[in-house]
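K.L.:
Be aware that the sequence shown starts at 1, since it is given in my numbering, and climbs by one per residue.
Quick reminder that beta carbons are idealized off the backbone N, C-alpha and C, glycines included.
A quick note: this is a predicted structure, and the numbers were derived from the prediction, not measured.
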Amino acid sequence: MTQHLFSPLQVGQISLDHRVAMAPLTRSRAGQPGNVPTPLNVEYYRQRASAALIISEATQISQQGQGYAWTPGIHSKEQIEGWKAVSHAVHAEGGTIFLQLWHVGRVSHPVFQPDGVLPVAPTAMPVPGKTFILDEHGNGVWGDVPVPQELTLAGIHEIVEDYRRAARNALTAGMDGVEIHAGNGYLLDQFINTSSNQRQDIYGGNIENRARLLLEVVEAVSDEVGAQRVGVRLTPMGRFMGMGDATPEATFGYIARKLNDWNLAYLHLVEPAIVGTVKDEQFDPRWDAIIKLLRDEYRGVLMLAGGYDRESAEQALASGRADIIAFGRPFISNPDLPARLRADLPLNPADGTTFFGGNAEGYTDYPALA
Ligand code: 8OZ
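(1) Are the CB atoms of residue 97 and residue 175 within a distance shorter than 8 angstroms?
(2) Quick one: residues in its chain with C-beta nearer than 8 angstroms to the C-beta of residue 39, no 5 flanking neighbours on either side, listed in chain order?
(3) Sorted by chain position, which residues of the same chain lie with C-beta nearer than 6 angstroms to residue 72's C-beta, five sequence neighbours on each side aside?
(4) Between the alpha carbons of residue 26 and residue 207, how many angstroms are there, rounded?
(5) Are the Cβ atoms of residue 146 and residue 88 separated by less than 8 angstroms?
(6) Suppose the cutoff is 8 angstroms on Cβ atoms and the five residues either side in sequence are ignored; what does the same chain contact list for residue 353 look like?
(7) Should the segment 211–229 be called in touch with the segment 189–198, which here means at least 3 C-beta pairs below 8 angstroms?
(8) If you follow the beta strand (DSSP E) that residue 4 is part of, which residue opens it and which one closes it?
(9) Under the three-state reduction of DSSP, which class applies to residue 56: helix, strand or coil?
(10) Any heavy atom of ligand 1 closer than 7 angstroms to the beta-carbon of residue 68?
(11) Between residue 268 and ligand 1, is the CB less than 7 angstroms from at least one heavy atom?
(12) In chain order, what residues of the same chain have a beta carbon less than 6 angstroms from the beta carbon of residue 170, not counting five sequence neighbours either side?
(13) Roughly how many angstroms separate the alpha carbons of residue 153 and residue 119, rounded to a whole number?
(14) Identify whether residue 312 lies in helix, strand or coil by the three-state DSSP scheme.
(15) At a cut-off of 7 angstroms, would you count residue 137 as near ligand 1, judging by its Cβ distance to the nearest heavy atom?
(16) What three-state label does DSSP hand residue 190 in the structure shown?
(17) Roughly how many whole angstroms lie between the Cα atoms of residue 285 and residue 292?
(18) Consider the C-beta atom of residue 59 and the heavy atoms of ligand 1; say whether any pair is separated by less than 7 angstroms.
(19) Just to confirm, does residue 181 get its C-beta within under 7 angstroms of one of the non-hydrogen atoms of ligand 1?
(20) Would you check whether ligand 1 has a heavy atom nearer than 7 angstroms to the C-beta of residue 35?
(21) Beta carbon of residue 23, beta carbon of residue 331: below 8 angstroms?
(22) If you measure from the CB of residue 26, is any heavy atom of ligand 1 nearer than 7 angstroms?
(23) For residue 260, which residues from the same chain have a beta carbon less than 7 angstroms from its beta carbon, with the 5 sequence-adjacent residues on both sides left out?
(24) What are the start and end residues of the beta strand (DSSP E) that includes residue 233?
(25) Drop a sphere of 10 angstroms on the beta-carbon of residue 136, count the other beta-carbons inside from all chains shown, and report buried for 16 or more, exposed for fewer.
(26) Under 8 angstroms, do residue 186 and residue 105 count as touching if we go by C-beta distance?
(27) Tell me, please, whether the segment 159–166 touches the segment 216–236 by the rule of three or more beta-carbon pairs shorter than 8 angstroms.
(28) When we look at the beta-carbon of residue 275 and count the other beta-carbons within 10 Å, is it buried (16 or more) or exposed?
(29) If you measure between the beta carbons of residue 134 and residue 52, is that distance less than 8 angstroms?
(30) Among residues of its own chain, excluding the 5 on either side of residue 142, which ones have a beta-carbon nearer than 8 angstroms to its beta-carbon?
(31) List the residues that DSSP assigns as beta-bridge partners of residue 22.
(32) What number of angstroms, rounded off, separates the C-alpha of residue 181 from the C-alpha of residue 57?
(33) Quick check: what's the CA-CA separation for residue 318 versus residue 150?
(34) For residue 263, is the beta carbon positioned less than 7 angstroms from some heavy atom of ligand 1?
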């Protein structure tokens, strides 16, 4: 049977009635102090509840895991309560929502770290790039990141437990599941890629070792909430935040194969055409082949994201390239995106100047069709 955007799909125990998912989108509007979801955030997600599945914005699992100003967390009581209001609003509209679990690793700054210590990473190598930090007046500014500290084995173990606790908190907050963010140059990706991992212990060197932390996190989180409630997001061949791997086909092929050991909700891959907010000029010509390889290796539901429109999404589903498509920017500016795609109606354009930070403008004021 051919798959299309408006055919149903089973994801874990959840029956989705279509395949237009909302991609995880950093919007930097969490309440301060404490990075707590607010009533405005509740309204934003409520408006988008017609998505087959909402994947929340990246959400730090611990204070150590934060790297950008005003991103929400899932490690305090207040944050759990804030997210509870989000999940209840989405469920009241008949929607489904997974919370994305995030640890940025070296893409951080002492301003975010407990006691102002250096951010942590697999290896003491700085990210070639900046992050969006807070100055002494609490204003968001782009800042250089320092050389991170190399994680000890005890530090790695604590992070696995932080993921476990965050997953439990997400379920306490009423989430239908969690997505482990293992892409875009953040902590788990820093371990996977040879460009950022030069460890000499069981977390570095060969592919099994570089994938070890991700797989330990998948195991801990699955153990905590059930694998059917767990998705994993990867960005093989992404170059964002200094990523690069010596043997990407072997590395990511191994990971996709290993992920079959759990009965996960889905595997989510990001097309490298769009990385963060920018078009990746260094598009890797091997991408198309690697996505087909991972499609063959991985036996569960495959989600793809990155620059899709109605036509290319239908094409990807019809050809069997993917089972479900996540839309990012179109969902920012079209809260009723599924209805518009279904009827092939025009889309509101998205205003890039209001993607990060600010208030309701460019957030909850995009119109739905009457
Ligand atoms: C854009 C700006 C800040 C964070 C990612 C969570 O790249 C992000 C992110 C994107 O996955």
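P.N.:
In brief:
(1) yes
(2) 85
(3) 30, 35, 37 and 59
(4) 30 angstroms
(5) no
(6) 362
(7) yes
(8) No beta strand (DSSP E) holds residue 4; DSSP gives it neither H nor E.
(9) strand
(10) yes
(11) no
(12) 74, 99 and 178
(13) 15 angstroms
(14) helix
(15) no
(16) helix
(17) 13 angstroms
(18) no
(19) yes
(20) no
(21) yes
(22) yes
(23) 298 and 299
(24) 230–234
(25) exposed
(26) yes
(27) yes
(28) In this prediction, residue 275 scores a pLDDT of 48, lower than 50, which makes its location untrustworthy; the coordinate-derived value is nonetheless stated afterwards. So residue 275 counts as buried.
(29) no
(30) 130, 131, 132 and 133
(31) 54 and 327
(32) 10 angstroms
(33) 45 angstroms
(34) no
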